[in-house]
Amino acid sequence: MEQVKKFHRKHDLRGKIVNYVLLVLASIFVLIPFFYLVMTCFKDLNEVTGSTVTLFPQGNHFLENLSFVWNYEDYHFFRYFFNTMFIFVLKTVGILLTCSLAGYAFAKFPCKLNSFMFTAFIAVLFLPGELLNIPFYEIMVNLNLRYSPIYVPIWIGAWFGTDITIIFLFRQYFFSIPDSLAEAAKIDGANEFTAFLRVMLPLSRSVIVTTIILYFVGTYNDVYGPSLYIRANDYEHKVIAQSVGIFENLYNYGSRDFIVPYHYVSIATVISILPVLVFFFAAQKNFVESLVGSGLKA
Amino acid sequence: MNRFSSALKKFKRSRTSVFLMFAAVPIVGYLLFYFYPILRTLMLSFTDKTMTRPDVNVVWLDNYIRIFRNETLLGKALVNSIIYAFGSGVITLVIAFFMALLLNSKVKGVGVFRIILFLPFVIPTFASAAIFKGLFDPNSGLINVFLYDNFGIQGPGWFKSEDTALLTMILMSIWGFGIQMLIFLSALQNVPASLYEAAEIDGASKTRKFLSITMPMISPMLFLNVVLVTINGLKSFNTGYLIGGVEGNPNNSTLLFPVLIYRIAFNTEYGGRRLGYASALAYIFFLVIMVFTAVQFIMSKFYVNKDVE
Chain A
44 MEQVKKFHRK
54 HDLRGKIVNY
64 VLLVLASIFV
74 LIPFFYLVMT
84 CFKDLNEVTG
94 STVTLFPQGN
104 HFLENLSFVW
114 NYEDYHFFRY
124 FFNTMFIFVL
134 KTVGILLTCS
144 LAGYAFAKFP
154 CKLNSFMFTA
164 FIAVLFLPGE
174 LLNIPFYEIM
184 VNLNLRYSPI
194 YVPIWIGAWF
204 GTDITIIFLF
214 RQYFFSIPDS
224 LAEAAKIDGA
234 NEFTAFLRVM
244 LPLSRSVIVT
254 TIILYFVGTY
264 NDVYGPSLYI
274 RANDYEHKVI
284 AQSVGIFENL
294 YNYGSRDFIV
304 PYHYVSIATV
314 ISILPVLVFF
324 FAAQKNFVES
334 LVGSGLKA
Chain B
537 MNRFSSALKK
547 FKRSRTSVFL
557 MFAAVPIVGY
567 LLFYFYPILR
577 TLMLSFTDKT
587 MTRPDVNVVW
597 LDNYIRIFRN
607 ETLLGKALVN
617 SIIYAFGSGV
627 ITLVIAFFMA
637 LLLNSKVKGV
647 GVFRIILFLP
657 FVIPTFASAA
667 IFKGLFDPNS
677 GLINVFLYDN
687 FGIQGPGWFK
697 SEDTALLTMI
707 LMSIWGFGIQ
717 MLIFLSALQN
727 VPASLYEAAE
737 IDGASKTRKF
747 LSITMPMISP
757 MLFLNVVLVT
767 INGLKSFNTG
777 YLIGGVEGNP
787 NNSTLLFPVL
797 IYRIAFNTEY
807 GGRRLGYASA
817 LAYIFFLVIM
827 VFTAVQFIMS
837 KFYVNKDVE
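Same order as they appear, the protein sequences are chains A and B.
Following the working numbering, the residues of the first sequence are numbered contiguously, the last one being 341.
Following the working numbering, the residues of the second sequence are numbered contiguously, the last one being 845.
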C-alpha cells in the first residue's frame, strides 16, 4: 500500500513537471510576437528593411522613432483616441437604453405579440452582415450622411436596439429576477416605467458591465465601419484602428513592393494597443467572464 | 364610440400595450435595420443598380447567372473563405483544447499562464496584422532571418507569396486561440468531481476517465466552439482586408468572400459600386452560411451527448 502511494506521488510529480514545461513553452511561443514588436521599436530603418537585420537592435533608436511617429503631421493619436471613445460611448449608451427596455419587455410581459416578435428576432440572429449592409449604405449615401463628421452611420443602429445578442442577455437576466420586486415598487405608487428604472435596471449591473466590455472590444476592433464611413484622406476623423495603417503606407507611392518602415509601425502599434491593455488588466475578471459568456469577437 | 373607447382603455391596461411601450424602439429598429434591408437586398439583386449611374433596370436573374457563369473570383473567394475557416478553426480548437487541459491541472501559478495565453485574443486584429506582417516579412522578418541564420534556409514569402499568403493568415489567426481555450476550460471545470471519484473507485485508467467522462461532459461546449469558429471564420472580413486589402493581394490569394462583396459594392475602382451585383453575391453568401450551419447541427447529433444539460 505504501509503495502504491509512493508510486502515485512520484507519478504526479512527473506529470506536474511535464505540465509546467509545456505551459512555459506555449507561453514563450505566444509571447514571441510581443517581444519582437518591442524589439522593433528600438531599431532604425536599416535594421528593419533587410540590409543588416538582427533580432536584437544594435543601437537604441526608441526615442527617435517615438518622436517621429508622435510628431508626424498626419498622425493625431489623441484625436483618434477621442474619436474611438466618442463612437464607443454613443454606441454603448444607445444599446444599453434600448436593449435593456426590450429585454425587460420580452421577459416580463408575455403576450402573443411578444412571442411573435421573439421568433422574428431569433430568425435574424445569425444573418451575415453582408445582407444588411448594402441597403444601409445606400440610405446613408442618399441622406448625405456617409462621411458624417460625427460618424452617424457607425452608431445610429445602436439607438434602435439592433443588437439582438444584448437583448437576449437582458431578457435572460430579467427572467431570473422575481416579479415581486417590481410589484412592490408599483404598490408604493411607481408606474411600470419607474419600477423598471429604479428597481430592475440597477439589478442588472452584470449585464451592463458585459455590454460595456463587449462594445469596447468591438468598437476598438471595428475596421469595416470606419473604412466604409470615414474618408480615406481625412486624417482628423480617423479612429485608432486606422492609425497603424498610416505608417504601413508611409512610403507607399503606388508601386507593389514599397518599403514598410516597421520601426515606426511598431511604435504606432504599441501606442494603439496600450489603451486596450490598460482596460484589460484593470477589468480582467469581468473582461474574461464577459467574453467567455458571449464567446464573440468580430 | 363608447364601445371603442372602452376597448381602448382595456388595451391600455393589457400586457400587449405595456410590452409595446417597452419594446417599441427595437421593433422599429428591427423593421428599419433588419426587415427592410433583407427585402431591399433581395430586390437589388434583381437589378443592375450602381451608385455611379442614376438609371436602374430590372434584370431578374441576370446577376446570378453572370456570377455562376463568368465570375472567376466567386470560386476563388469562396474556396479561400472555406480554407481559412476550416484551417484556422481546426488548428485553433486543437490547440485551445490541449491548453485548456494543461490549465485545468492543479499546478501553482496556473493563473499567470492563463493570462499570458489569453493575452493575444485581447489584441485587436489591426494590431496583430501589423505585428505579423513584420514577423513574417520575407526579407527582414524574424522568422526568415531565424531560418537563414540558423539553418541556412531561404524561407518562403509568407504574406507576400501567392502560395503561402492564406496559410500565413491562418497562422496569424491561431494566435488568438485564448477565447476558445477559456470556453473549454470553463467546461472542464464544470465537470463534477464526484464522477471522477466514482470512476477511480472502480479502478478506471486516466484514458478511460478522459474518454468516458470528460469528453461526453464537455461535448456541448465543443459543439458551441465548433459552430463559433466555423461561422466566424466564414464571416471573417477583418483579417483578409487588413492583410491583402480590397485587392486580396497577392493575386487574390487572400481575398475572402466578405471582402469580395465589400469591394464590388463599395469600391469605385471595381466597376463603380455595383450594388445589384453585390446583393446577388450577398444572397449566395447567405445560402453558403446557412448550409454550413445546417451541416454543423446535423454533425452535432453524432458527438454531442444529450444527457448533459
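Ideal placement from N, C-alpha and C gives every residue a C-beta, glycine not left out.
Note that the structure is a prediction, hence the values are computed from the model and not measured.
| Check | Outcome |
| --- | --- |
| G623 (chain B) to V765 (chain B) span [Cα, whole Å] | 10 Å |
| Contacting residues, own chain, Cβ-Cβ under 7 Å from R355 (chain A) (five flanking each side not counted) | Given a span of 44 to 341 for chain A in the structure shown, any question on residue 355 (chain A) remains unanswerable. |
| Of the listed residues B:L791, B:P562, B:K745 and B:M835, nearest to T608 (chain B) (C-alpha basis) | B:L791 |
| Neighbourhood of R602 (chain B) by C-beta, 8 Å cutoff - its chain only, sequence neighbours within 5 removed | Y813 |
| Enclosing alpha helix (DSSP H) for Q832 (chain B) [first to last residue] | L811 to Y839 |
| Secondary structure, alpha helix (DSSP H): runs of 4+ residues fully inside the region 642-710 of chain B | 646-658, 661-671, 678-687 and 701-710 |
| 4 or more residues per run - each alpha helix (DSSP H) lying fully within the region 722-795 of chain B | 729-737, 742-745, 751-771 and 774-780 |
| Among A:F111, A:P171 and A:T262, nearest to F124 (chain A) - alpha-carbon criterion | A:T262 |
| Rounded C-alpha distance that separates G288 (chain A) from V308 (chain A) | 8 Å |
| Neighbourhood of G693 (chain B) by C-beta, 7 Å cutoff - its chain only, sequence neighbours within 5 removed | P674 and T700 |
| The region 763-783 of chain B / the region 821-830 of chain B touching (three or more Cβ pairs under 8 Å) | yes |
| CB contact below 8 Å: V643 (chain B) versus chain A | yes |
| Beta-carbon contacts of E845 (chain B) that lie in its chain and below 7 Å, excluding the five residues immediately before and after | Because the pLDDT at E845 (chain B) is just 47, under 50, the model does not fix this residue reliably, and the value given afterwards should be weighed accordingly. Around E845 (chain B): P756. |
| Given 8 Å, three or more beta-carbon pairs between the region 774-789 of chain B and the region 164-171 of chain A | no |
| Residues bridged to V594 (chain B) [DSSP beta-bridge criterion] | B:T583 |
| Residue-chain proximity (E845 (chain B), chain A), Cβ-Cβ < 8 Å | Residue confidence is low: E845 (chain B) scores 47 on pLDDT, short of 50, so the model does not pin down where it sits. No coordinate-derived value is stated. |
| Reference P573 (chain B), options A:L175, A:F323 and A:V91, closest by Cα | A:L175 |
| Buried versus exposed, by CB contacts within 10 Å (16 or more), G297 (chain A) | exposed |
| Spatially closest choice to G677 (chain B) from A:F152, A:R299 and A:K86, by CA coordinates | A:K86 |
| Any chain B beta carbon closer than 8 Å to A341 (chain A) | Annotation note: pLDDT 36 at A341 (chain A) (below 50); position unreliable, coordinate value reported separately. Interface residue, yes. |
| Cβ separation of L243 (chain A) and I210 (chain A), assumed to be a contact under 8 Å, to the nearest whole Å | As written in the sequence, residue 243 (chain A) is Met, which differs from the Leu given in the question. Between I210 (chain A) and M243 (chain A) the Cβ distance is about 15 Å, and since that is not below 8 Å, they are no contact. |
| At least three beta-carbon pairs within less than 8 Å, the region 61-79 of chain A to the region 631-640 of chain B | yes |
| Nearest to F589 (chain B) (by Cα), restricted to the options B:N640, B:A665, B:G645 and B:G808 | The sequence shown places Arg at residue 589 (chain B), rather than the Phe named in the question. Closest by alpha carbon: B:G808. |
| Neighbour list for Y305 (chain A) in chain B, Cβ cutoff strictly below 9 Å | A666, K669, G670, D673, S676 and G677 |
| Local Cβ density within 10 Å of R576 (chain B), reported as buried at 16 or more and exposed below that | buried |
| Option in A:L98, A:N329 and A:A311 with minimal Cα separation from Y684 (chain B) | A:L98 |
| For Y147 (chain A), the first and last residue of its enclosing alpha helix (DSSP H) | F120 to K151 |
| Within chain A, the residues that W711 (chain B) reaches when beta carbons sit closer than 8 Å | V73 and P76 |
| Terminal residues of the alpha helix (DSSP H) in which Q285 (chain A) lies | No alpha helix (DSSP H) holds Q285 (chain A); DSSP gives it neither H nor E. |
| Against chain A: residues of the region 579-600 of chain B by CB proximity under 7 Å | L580 and M587 |
| CA nearest to the CA of L156 (chain A), picked from B:L817, B:V554, B:R810 and B:Y839 | B:V554 |
| Pairwise C-alpha distance: K59 (chain A) and K644 (chain B) | 10 Å |
| Host alpha helix (DSSP H) of M635 (chain B) (start-end) | T608 to L639 |
| Residue of B:P660, B:L702, B:F558 and B:Y600 minimising C-alpha distance to A821 (chain B) | The identity of residue 821 (chain B) in the sequence shown is Phe, whereas the question assumes Ala. The option with the nearest alpha carbon to F821 (chain B) is B:Y600. |
| Exposed unless 16 or more other CB atoms sit within 10 angstroms - verdict on G647 (chain B) | exposed |
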